[in-house]
Structures are given as structure tokens and as C-alpha cells.
Amino acid sequence: MDEICGNPASASMVAWYLFNNPASRIAFCPDHINESYPEWPLPGVSWDDILTYRDLTEEILSVLINKGILRDNGIRYQDEEDPEVYLKDIKNIWAE
Numbered sequence: 001m002d003e004i005c006g007n008p009a010s011a012s013m014v015a016w017y018l019f020n021n022p023a024s025r026i027a028f029c030p031d032h033i034n035e036s037y038p039e040w041p042l043p044g045v046s047w048d049d050i051l052t053y054r055d056l057t058e059e060i061l062s063v064l065i066n067k068g069i070l071r072d073n074g075i076r077y078q079d080e081e082d083p084e085v086y087l088k089d090i091k092n093i094w095a096e
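Going by my numbering, the letters in the sequence shown line up with residues 1 to 96, in that order.
Quick look at the structure:
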């Protein structure tokens, strides 16, 4: 989720998810914290539990691209030493 945090596309993705899954409980868990951290947003849920959850990021991104709300402009940054670390350039078309 790091590649979408803090940009207008993330608001679109979260809003779409919540409208389509009103009973879901979501929270944002920064990489630098764990379940023993005082600000842990999911009491009773561990990182091990979270690792069993299905990541819907690409699925939701695809839906919103197909609806003409978001556009994927490719990779903005990719770490040379660890190519699995990258940032996508996702734009909210309606916000342009």
C-alpha cells in the first residue's frame, strides 16, 4: 500500500472499497509499527492475521482504471538494489 499512500488515488480507492463493502473494518498499518505498538489500529489482530488477508490493491486499481477514474502512468521509482520496492505513478483523472 506504500505506493498509493498520500496521493489522491488512495482516497478514491478507499472510498470505492468502503462503498462496496460497508460492513468491512479497515485500518492503515504503517510498516514501521507492529501489534505491540501503542498506536496499533487493530486491537486483537496480529501481523500474522493480516498476512492472511487478501490484498485487493491491484483489483481495486483495475476497477477504477476501467471506470475512467484513475490512470496508471507506470513506475515512478524503482529501487536499484531491490526491484520489488517501487512506487507507481497513479493519477486521479477527475482531480486533474
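Where a beta carbon is used, it is the ideal one built from N, C-alpha and C, also for glycine.
Residue of Ile26, Leu42 and Ile65 minimising C-alpha distance to Ile33: Leu42
Spatially closest choice to Asp72 from Glu84, Leu61 and Arg54, by CA coordinates: Leu61
For Glu58, the nearest candidate out of Asp82, Ile90 and Arg76 (CA to CA): Ile90
Under 9 Å between C-beta atoms of Leu12 and Leu87: Note that residue 12 corresponds to Ser in the displayed sequence, not to Leu. For Ser12 and Leu87, no; Cβs fall outside 9 Å.
Length of the line joining the Cα atoms of Trp16 and Glu80: 33 Å
Whole-Å CB distance - Trp94 paired with Ile69, under 8 Å assumed: 6 Å
Residue interval of the alpha helix (DSSP H) (run including Tyr17): Pro8 to Asn20
Leu18 beta carbon less than 9 Å from that of Ser10: no
Of the listed residues Ala27, Leu56, Asn20 and Arg54, nearest to Gly44 (C-alpha basis): Ala27
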